[in-house]
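Trainee: Take this structure first; my questions come after.
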Amino acid sequence: MTTVTPSLDDIEARLATLRATLMSFIGSDRIKGLLSLGPSISVLGIIYFLPILALFILSFGTESSFTGFEFTLEHYGDIFPLDPLLSFNFADLLYLGLLAKSLKVSLYVTIVSLVLSYPITYYIGNRVQEAYRLPLMMLIMVPFWTSYLVRTYSWIPILSENGLINGLLTTIGLQPLQLLYTPLATNIGLVYLHLPFMILPLYASMAGLDAAHIEAAQDLGATRLRVFREIVLPLTMPGAAAGVIFVFIKSTAAYVVPTLLGGPNGILYMNVVVSQFRQTYNWNFGAALSFILLAIVLAILYAAQKMGASLGSAQMR
Amino acid sequence: MTNNTYVDWGLRAATAGTFVFLYAPLFIIVLLSFQTGDTPLGFSLDYYQQLLDATSLLDALYLSFRIAIVVMVISTTLGILAGLGIVRYAWPRNTKAVLAFFSIPLTLPIIVYAFGLFVVTTYFAIPRGAIAIVLGHIVYVLPFAALVMVSGLQDFDSELEEAAMDLGADEFTTAREVTLPLLKPSILAAALFSFTLSFDEFLIAYFVGGKGDITLPMQIFTMVRRGISPTIYSISTLILVLSAGLAWIALQLERS
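Chains as they are written, first to last, in the numbering used here: chain G, 1 to 317; chain S, 1001 to 1256.
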């Protein structure tokens, strides 16, 4: 029974090597990366991706819980009912009809946003003195960061029955118009809310235009139209594509705008999806409807990626 | 040249028109918040006075404020760490994939996420209310905070850190005395963006908020659906001023 008492020096030496290995372990990029990125990745994984996955599983389930889960395709079948599809009774395609309506609205909104964005981004990016560019862009971005709910209903006092526009119309002796609670109001609201998503990426590519290019073309006698068509348009394509994608996706998923401005006849796809969760408690069907939308969104993103749209520029809100 | 001046004037008019389009509705809300009784162009603080008695709005304002503070602290902290991880450390190797991972919540519609969170909170018996809203807002805000930090760190001059280390400072001291002060603008920007995003967020709160826990956007949504009451103009003006102010500061910080 002889216990070897290690000398103090021994312990110290061992502690030093232990500390050194520990430090090199903690100090390694791998661990640092794990410690710094790990929390965010797990938070996003558990709180973001898990709910999306749960929704996906539910869309194939018979009941609105995961216990007693039974696989079924009936919800997707209800969205794409075969009978009306084969007999061309398209009026019976309630959900697909609404989806088509939403996609059509998004298309209009995207086109209008694109047309509105070209002059302002070209002007700020190429015509305005360098010193004013950033302040002007800030002026575009600031309202963008304020409450979208407030920005949505700020159109009510303008469009309502006795609102600003009808007030002006009656003062000059014209008949008032029904503007609020119409598809037009939804379209205006969507363009208003989403315009900056188009302006920002488009401006990024406008600012990247080389003024010398344009001047050279003009010196060689090209008309403005030709300069626009042959220089500005092709070079700003990536920015425009990013804007188109973001505006389109956001408009297709719009719920607040059609609800507050569209009125009872202005409901769009998302209104029906929301009611599956909040009114009829048909979560499985709501989940299936959501994933039809997500599939469209992912298809658009995939196609855009293939075509080389610079999505990164629009990602920052 | 006359043709060109026409084009220039056209561009100028279109730009001015777009600015009017962006600002007129907000300006009208502010104008209406100061109206007196029935005359739309008067000036009074009546609607602000009425706001003081609108307890449901004030309660909602207080709740939104508290949620936004909690979300801001958590998301900014996670965002700083994530930014450091993405820019500095070689793990994981594929930075592009990590950035894509963080961008997914920004790209996919938030409303679908709100459905998912709604379903999961029910299934795991997480009570609807403030805690569920905070959870939802953290993941909604975190990608913004992380990306603001990434862009801040990419412009960062790491030679200053090396100099501090060369002069004998250890990693901790360098982080505290050099890295953090230099990153302060980005951190503040991330925090302010996080606050406004959470403060103004509606869809997630609408789905996982409870009967007792009603945030300001939820309350405003209900009020607008029932028909506008005058206090909505005054509270909206306050919201606009607050979020526009914070966004302005944050954008300045981000660009500095």
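The C-beta atom is built at its ideal place from N, Cα and C for all residues, glycine as well.
Predicted model only: the values in this text are computed from it and were never measured.
Output, in chain order, the set of chain S residues within a Cβ distance shorter than 9 Å of residue 270 (chain G).
Mentor: Residue mapping note: residue 270 (chain G) aligns to position 270 of the first sequence, counting from 1. Within chain S, the residues near residue 270 (chain G) are 1109 and 1111.
Trainee: Tell me which residues share the same chain as residue 1161 (chain S) and place their Cβ nearer than 7 Å to its Cβ, disregarding the 5 neighbours each side in the sequence.
Mentor: As a working note, residue 1161 (chain S) is residue 161 in the second sequence. Only 1174, 1178 and 1179 meet the Cβ criterion.
Trainee: DSSP puts residue 71 (chain G) in a beta bridge; with which residues?
Mentor: The residue labelled residue 71 (chain G) in the question sits at position 71 within the first sequence. Answer is G:61, bridged to residue 71 (chain G).
Trainee: Where does residue 1174 (chain S) fall in DSSP's three states?
Mentor: Residue 1174 (chain S) sits at position 174 when you count from the first residue of the second sequence. Note: residue 1174 (chain S) maps to helix in three-state DSSP.
Trainee: Strictly under 9 Å for the Cβ-Cβ distance: is residue 1001 (chain S) near chain G by that measure?
Mentor: Looking up residue 1001 (chain S) in the second sequence gives position 1. With a pLDDT of 48 at residue 1001 (chain S), under the threshold of 50, the modelled position of this residue cannot be trusted; read the value that follows with caution. False, the Cβ-Cβ gap to chain G never drops below 9 Å.
Trainee: Once DSSP output is grouped into helix, strand and coil, what is the label at residue 1325 (chain S)?
Mentor: With chain S covering only 1001 through 1256, there is no way to say anything about residue 1325 (chain S).
Trainee: Hey, how far is the Cα of residue 1155 (chain S) from the Cα of residue 250 (chain G)?
Mentor: In the second sequence, counting from the first residue as 1, residue 1155 (chain S) sits at position 155. In the first sequence, counting from the first residue as 1, residue 250 (chain G) sits at position 250. Cα to Cα, residue 1155 (chain S) sits roughly 31 Å from residue 250 (chain G).
Trainee: In terms of residue numbering, what span does the alpha helix (DSSP H) encompassing residue 249 (chain G) cover?
Mentor: As a working mapping, residue 249 (chain G) is identified with position 249 in the first sequence. From DSSP, the alpha helix (DSSP H) with residue 249 (chain G) extends over 233 to 252.
Trainee: If you measure between the beta carbons of residue 1148 (chain S) and residue 1198 (chain S), is that distance less than 9 Å?
Mentor: On the second sequence, residue 1148 (chain S) is found 148 positions in, with the first residue counted as 1. On the second sequence, residue 1198 (chain S) is found 198 positions in, with the first residue counted as 1. Their beta carbons are not under 9 Å apart, which means residue 1148 (chain S) does not touch residue 1198 (chain S) by this criterion.
Trainee: Starting from the C-beta of residue 198 (chain G), find all residues in its chain whose C-beta is less than 7 Å away, skip the five residues before and the five after it, and write them out in chain order.
Mentor: On the first sequence, position 198 is the one that residue 198 (chain G) refers to. Excluding sequence neighbours, residue 198 (chain G) sits near 113, 114, 117, 243 and 247.
Trainee: Which class does residue 314 (chain G) belong to by DSSP, given the choice of helix, strand or coil?
Mentor: Residue 314 (chain G) sits at position 314 when you count from the first residue of the first sequence. Interpretation of residue 314 (chain G) is limited by its pLDDT of 44, a score under 50 that renders its predicted location unreliable; the figure taken from the coordinates is listed afterwards. In the structure shown, residue 314 (chain G) sits in a helix (DSSP, three-state: H, G or I).
Trainee: Relative to the C-alpha of residue 184 (chain G), which residue among G:205, G:159, G:240 and G:256 is closest?
Mentor: Sequence index remark: in the first sequence, residue 184 (chain G) carries index 184 (1-based). The shortest C-alpha separation from residue 184 (chain G) is found at G:159.
Trainee: Relative to the C-alpha of residue 245 (chain G), which residue among S:1109, S:1164 and S:1055 is closest?
Mentor: Here residue 245 (chain G) refers to the residue found at position 245 when the first sequence is read from its first residue. Looking at S:1109, S:1164 and S:1055, the one whose alpha-carbon comes closest to that of residue 245 (chain G) is S:1109.
Trainee: Count the other CB atoms within 10 Å of the CB of residue 150 (chain G); is the residue buried (16 or more) or exposed (fewer)?
Mentor: For this step, residue 150 (chain G) is matched to residue 150 along the first sequence. By the neighbour-count rule (16 or more Cβ atoms within 10 Å), residue 150 (chain G) is buried.
Trainee: Distance check for residue 11 (chain G) and residue 21 (chain G), CA to CA, integer angstroms please.
Mentor: For the purposes of this step, residue 21 (chain G) is taken as the residue at position 21 of the first sequence. For the purposes of this step, residue 11 (chain G) is taken as the residue at position 11 of the first sequence. Rounded to the nearest angstrom, the two C-alpha atoms are 15 Å apart.
Trainee: Along the chain, where does the alpha helix (DSSP H) that runs through residue 1248 (chain S) open and close?
Mentor: Taking the second sequence and counting its residues from 1, the one referred to as residue 1248 (chain S) is at position 248. From DSSP, the alpha helix (DSSP H) with residue 1248 (chain S) extends over 1231 to 1255.
Trainee: Using three-state DSSP, classify residue 10 (chain G) as helix, strand or coil.
Mentor: Position 10 of the first sequence holds residue 10 (chain G). Helix.
Trainee: Ordered along the chain, which non-local residues of its own chain (more than five positions away) have a Cβ less than 6 Å from that of residue 102 (chain G)?
Mentor: Within the first sequence, numbered from 1, the residue matching residue 102 (chain G) stands at position 102. Answer for residue 102 (chain G): 252, 268 and 269, listed in chain order.
Trainee: Output yes if chain G places a C-beta closer than 9 Å to the C-beta of residue 1094 (chain S); else output no.
Mentor: Position 94 of the second sequence, counting from 1, holds the residue named residue 1094 (chain S). No, its Cβ sits nowhere closer than 9 Å to a Cβ of chain G.
Trainee: Using CA coordinates, which residue listed in S:1137, S:1104 and S:1062 is at the minimum distance from residue 1202 (chain S)?
Mentor: Residue numbering aside, residue 1202 (chain S) sits at position 202 when the second sequence is read from its first letter. Closest option to residue 1202 (chain S), judged by alpha-carbon separation, among S:1137, S:1104 and S:1062: S:1137.
Trainee: Indicate the three-state DSSP secondary structure (helix, strand or coil) for residue 124 (chain G) in the structure shown.
Mentor: Position 124 of the first sequence, counted from the start, is the residue given in the question as residue 124 (chain G). Three-state result, residue 124 (chain G): helix.
Trainee: Between residue 257 (chain G) and chain S, is there a C-beta pair that is closer than 9 Å?
Mentor: Here residue 257 (chain G) corresponds to residue number 257 of the first sequence, with the count starting at 1. Output row for residue 257 (chain G): interface = no.
Trainee: Which class does residue 28 (chain G) belong to by DSSP, given the choice of helix, strand or coil?
Mentor: Here residue 28 (chain G) is taken as the residue at index 28 of the first sequence, counted from 1. In the structure shown, residue 28 (chain G) sits in coil (DSSP, three-state: anything other than H, G, I, E or B).
Trainee: Suppose contacts are defined by Cβ-Cβ distances below 9 Å. Is residue 1101 (chain S) in contact with residue 41 (chain G) by that definition?
Mentor: Taking the second sequence and counting its residues from 1, the one referred to as residue 1101 (chain S) is at position 101. Taking the first sequence and counting its residues from 1, the one referred to as residue 41 (chain G) is at position 41. Cβ atoms of residue 1101 (chain S) and residue 41 (chain G): closer than 9 Å.
Trainee: Would you decide whether residue 305 (chain G) is buried or exposed? Buried here means 16 or more other CB atoms lie within 10 Å of its CB.
Mentor: As a position in the first sequence, residue 305 (chain G) is number 305, starting the count at 1. Exposed, by the Cβ-count rule.
Trainee: Could you tell me the alpha carbon to alpha carbon distance between residue 152 (chain G) and residue 261 (chain G), rounded to whole angstroms?
Mentor: For the purposes of this step, residue 152 (chain G) is identified with residue 152 of the first sequence, where counting begins at 1. For the purposes of this step, residue 261 (chain G) is identified with residue 261 of the first sequence, where counting begins at 1. Residue 152 (chain G) and residue 261 (chain G) have their alpha carbons spaced roughly 8 Å apart.
Trainee: For the stretch 1016 to 1027 of chain S, enumerate the residues whose C-beta is nearer than 8 Å to any C-beta of chain G, in chain order.
Mentor: 1018, 1019, 1021, 1022, 1023, 1024, 1025 and 1026
Trainee: Chain G beta carbons: is any one of them nearer than 9 Å to that of residue 1049 (chain S)?
Mentor: Locating residue 1049 (chain S) in the second sequence gives position 49, counting from the first residue. So no, residue 1049 (chain S) is outside the interface.
Trainee: Sort S:1044, S:1121 and S:1047 by Cα distance to residue 1209 (chain S) and report the nearest one.
Mentor: Residue numbering aside, residue 1209 (chain S) sits at position 209 when the second sequence is read from its first letter. If we check each option's Cα against that of residue 1209 (chain S), S:1121 comes out closest.
Trainee: Nearest-angstrom Cα distance between residue 287 (chain G) and residue 55 (chain G)?
Mentor: Position 287 of the first sequence holds residue 287 (chain G). Position 55 of the first sequence holds residue 55 (chain G). Going from the Cα of residue 287 (chain G) to the Cα of residue 55 (chain G) covers about 6 Å.
Trainee: Whose CA, out of G:227, G:167, G:235 and G:157, lies closest to the CA of residue 1031 (chain S)?
Mentor: Within the second sequence, the letter at position 31 stands for residue 1031 (chain S). Here the closest residue by C-alpha is G:157.
Trainee: Where residue 1242 (chain S) and residue 163 (chain G) are concerned, what is the direct C-alpha to C-alpha distance, given to the nearest angstrom?
Mentor: Locating residue 1242 (chain S) in the second sequence gives position 242, where the first residue counts as 1. Locating residue 163 (chain G) in the first sequence gives position 163, where the first residue counts as 1. In a straight line, the C-alpha of residue 1242 (chain S) is about 26 Å away from that of residue 163 (chain G).
Trainee: Note down, one range per segment and in chain order, each alpha helix (DSSP H) of at least 4 residues found wholly within the stretch 1147 to 1191 of chain S.
Mentor: 1159 to 1166 and 1171 to 1174
Trainee: Around the C-beta of residue 1181 (chain S), are 16 or more other C-beta atoms found within 10 angstroms, so that it is buried, or is it exposed?
Mentor: Locating residue 1181 (chain S) in the second sequence gives position 181, where the first residue counts as 1. Flag for residue 1181 (chain S) reads exposed.
Trainee: Please go through the same chain and pick out, in chain order, the residues whose beta-carbon is closer than 7 Å to the beta-carbon of residue 193 (chain G), but skip the five residues on each side of it.
Mentor: Here residue 193 (chain G) corresponds to residue number 193 of the first sequence, with the count starting at 1. Only 148, 151, 152 and 257 meet the Cβ criterion.
Trainee: Would you say the stretch 278 to 298 of chain G touches the stretch 72 to 79 of chain G, given that touching needs at least three Cβ pairs under 8 Å?
Mentor: yes
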